[in-house]
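Heads up: the sequence shown is residues 0 to 382, going by numbering that gives the first Met the number 0.
Cβ atoms here follow ideal geometry from the backbone N, Cα and C, with glycine treated the same way.
Bear in mind that the values here come from a model prediction, so they are computed numbers and not experimental data.
Encoded as structure tokens, the structure appears first; notes follow it.
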Amino acid sequence: MGLPGIGESLAYWRDPDFVVKRLQRFGPVFKTSIFGHKVVFMLGREANRFIFTNQQGAFSSAGGYPGTMAALFGPQAPFLWDEAEHRDLRQVWGALFSPQGMALAVPQIDQICADHAARWQAHTPANWHTAFRHLTMEIMLMLLFGQGVSRSTADLCQLSAAVSRSMSPLLPLHWRTWRWGKAVQARYQLLAEIKQTFQQPKTVLQQDVLARFENDQHGAAGYLLFLLFAGHETLSTMLSSIQTKLADDPEMAAGLQVELAKMAATVDVEQLKRLDQLNRFLWEIERTAPTIDGLFRGVKTPVEFGPFTIPAGWLVGFRTRETHRDQTIYPEPELFDPGRFCPHMQGKPGKFELIGFGGGTHSCPGKSLAHLIMKIVIMHLLR
Ligand code: HEM
């Protein structure tokens, strides 16, 4: 459990291999103390199944985050709720993630990507991550608010980055730090921008969210801000990993190009879903470059996992990074090999084995949409 008081906080903060070193030393279930929390890390397929299926009703997503996350994302963010309230909040975004919603969105996403690709062709971006931040911000703005946003994309990306820099799933950053102040200010500016979109013609999603919050514009704006953030920050990071891989491996890029060339000129959701080679490529990107290393859930009631009892009030940590490098699931895990997901090998990834979009009732609702967006971007990049 480390030193009295600070536990193992410093090692956790400084050492990217904190978890893997303890995995090697203690095995897949071990305890520690970080930033005042008593934590049990539970690694592997069975542990993921145990946590994601919330066995014995023991785990809480809300209890897995410090209070600062509520201050950054507002009490409306779905990850801060459990049970009935959480189910209710998850219903509100139906218009965005339904098959019909996505079919309507695809031509618009395609148009935004085509415009950006034309610019990239004229001037290769000096920094691809920045280019993808702008692209995904525009896509998210279109999906959530239609045409209603007046502030520049670059401005909004900066504000979102300021919020992102203060995010930590465990560390309760102090209210008075300079970075924290910037994040809170950025949040208020983003909320103000979102509130002014309610004066313009509204998207179906905006109407649904306002109805759910009984026309409380502040609550509705907080909810939409979380959606904006959840889509923009993750997509831009994963697209950067994709771009790096395609640039480093021209043979793989050429293979994907052949599959994409078979598509009809007009992109269509069903066709995009059936791109098997691209699906396997995206799974392997998710495996090797997950956007989060892991997350935590609070323990509500004492729970038994094999020979271990985990007390109420502790946290359990599940790990994307180590699950995705588990040799018993993925032989030669350091190899980038989309072929490992071929039907004659492992086939589709198991839901407790590839967890870059989380799992259980809190799993990412934007996963299918994210896959569509990434496929369209790859199509334009390869063209
Ligand atoms: C590459 C893209 C993305 C990745 C890697 C990603 C990853 C994740 C992860 C790891 C979680 C936490 C799951 C858990 O606690 O078990 C999550 C939750 C969430 N994501 Fe995503 N996400 C992506 C794109 C999106 C998009 C495009 C949207 C929306 C437009 C979105 C909306 C959400 C929401 C609302 C939650 C909270 C769900 C809940 O607590 O019930 N995500 N995502």
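Any idea what DSSP makes of residue i, helix, strand or coil?
{"i": "H36", "result": "strand"}
{"i": "T287", "result": "helix"}
{"i": "G346", "result": "coil"}
{"i": "K30", "result": "strand"}
{"i": "M41", "result": "strand"}
{"i": "G312", "result": "coil"}
{"i": "S151", "result": "coil"}
{"i": "E192", "result": "helix"}
{"i": "F356", "result": "coil"}
{"i": "V162", "result": "helix"}
{"i": "E213", "result": "coil"}
{"i": "L2", "result": "strand"}
{"i": "L274", "result": "coil"}
{"i": "L334", "result": "coil"}
{"i": "E137", "result": "helix"}
{"i": "F340", "result": "helix"}
{"i": "S235", "result": "helix"}
{"i": "S59", "result": "strand"}
{"i": "R318", "result": "strand"}
{"i": "F351", "result": "coil"}
{"i": "G305", "result": "coil"}
{"i": "V266", "result": "coil"}
{"i": "F295", "result": "strand"}
{"i": "D114", "result": "helix"}
{"i": "K261", "result": "coil"}
{"i": "I241", "result": "helix"}
{"i": "E84", "result": "helix"}
Measuring CA to CA, which of the options is closest to residue i?
{"i": "S165", "options": "G297, C341, S59 and M68", "result": "M68"}
{"i": "V315", "options": "M0, I50 and P15", "result": "I50"}
{"i": "Q270", "options": "S159, M378 and N126", "result": "M378"}
{"i": "P342", "options": "F335, R279, E333 and V376", "result": "R279"}
{"i": "L140", "options": "P301, F335, H231 and A260", "result": "H231"}
{"i": "G389", "options": "V19, K37 and F78", "result": "A question about residue 389 goes unanswered here, because the residues of the chain that appear run from 0 up to 382."}
{"i": "Q146", "options": "I5, R21, Q205 and A246", "result": "Q205"}
{"i": "G297", "options": "L9, K37 and S8", "result": "K37"}
{"i": "Y64", "options": "P348, D81 and T52", "result": "D81"}
{"i": "T300", "options": "R21, A117 and N53", "result": "N53"}
{"i": "R382", "options": "L259, D215 and N214", "result": "L259"}
{"i": "L71", "options": "V257, A185, W127 and V268", "result": "A185"}
{"i": "G56", "options": "V268, V302, S367 and H361", "result": "V302"}
{"i": "T287", "options": "K244, W313, V257 and D14", "result": "K244"}
{"i": "A229", "options": "Q326, V376 and L142", "result": "L142"}
{"i": "L368", "options": "G355, V268 and Q216", "result": "V268"}
{"i": "I284", "options": "F197, D207 and I354", "result": "I354"}
{"i": "P306", "options": "F17, V19, P27 and V18", "result": "P27"}
{"i": "V376", "options": "Q107, Q23, L103 and G100", "result": "Q107"}
{"i": "A182", "options": "D275, L155, R339 and F197", "result": "L155"}
{"i": "I372", "options": "E7, R211 and A104", "result": "A104"}
{"i": "V162", "options": "M101, W179 and F197", "result": "W179"}
Please classify residue i as buried or exposed, where buried requires at least 16 other C-beta atoms within 10 Å of its C-beta.
{"i": "E403", "result": "Summary: the structure shown does not reach residue 403, with the chain confined to residues 0 through 382, and so no result is reported for it."}
{"i": "H12", "result": "Residue identity differs from the one stated: residue 12 is Trp in this sequence, not His. It is exposed - the Cβ of W12 has fewer than 16 other Cβ atoms within 10 Å."}
{"i": "D248", "result": "exposed"}
{"i": "A61", "result": "buried"}
{"i": "L334", "result": "exposed"}
{"i": "G365", "result": "buried"}
{"i": "N47", "result": "buried"}
{"i": "I5", "result": "exposed"}
{"i": "T308", "result": "exposed"}
{"i": "K374", "result": "buried"}
{"i": "G357", "result": "buried"}
{"i": "E213", "result": "exposed"}
{"i": "L2", "result": "exposed"}
{"i": "H122", "result": "exposed"}
{"i": "S235", "result": "buried"}
{"i": "P289", "result": "buried"}
{"i": "F351", "result": "buried"}
{"i": "W177", "result": "exposed"}
{"i": "L9", "result": "exposed"}
{"i": "H361", "result": "buried"}
{"i": "P330", "result": "exposed"}
{"i": "F144", "result": "buried"}
{"i": "Q75", "result": "buried"}
{"i": "V257", "result": "exposed"}
If we define contact as Cβ-Cβ less than 8 Å, is residue i a contact residue for chain B?
{"i": "A61", "result": "Chain labels in this structure do not include chain B; a single protein chain is all it has."}
Sufficient close CB pairs (3 or more, under 8 Å) joining the segment 245 to 265 to the segment 315 to 326 | They do not touch, by the three-pair rule.
Inter-stretch contact (C-beta, 8 Å, three-pair minimum) for the segment 124 to 142 and the segment 284 to 300 | At 8 Å Cβ cutoff, the stretches do not touch.
May I ask you to verify whether the segment 33 to 52 touches the segment 320 to 337, counting CB pairs closer than 8 Å and requiring at least 3?
-> A contact exists between the segment 33 to 52 and the segment 320 to 337.
Any 3 or more C-beta pairs closer than 8 Å across the segment 237 to 244 and the segment 210 to 224 | Proximity of the segment 237 to 244 to the segment 210 to 224 falls short of the contact definition, fewer than three beta-carbon pairs being nearer than 8 Å.
Sufficient close CB pairs (3 or more, under 8 Å) joining the segment 108 to 123 to the segment 77 to 90 = Under the Cβ criterion (8 Å, minimum of three pairs), the segment 108 to 123 does not count as touching the segment 77 to 90.
Specify whether the segment 22 to 33 and the segment 183 to 198 touch according to this definition: at least 3 beta carbon pairs, one from each stretch, less than 8 Å apart.
-> They do not touch, by the three-pair rule.
If we count Cβ pairs, one from each stretch, closer than 8 Å, do we get three or more for the segment 198 to 213 versus the segment 93 to 110?
-> Proximity of the segment 198 to 213 to the segment 93 to 110 meets the contact definition, three or more beta-carbon pairs being nearer than 8 Å.
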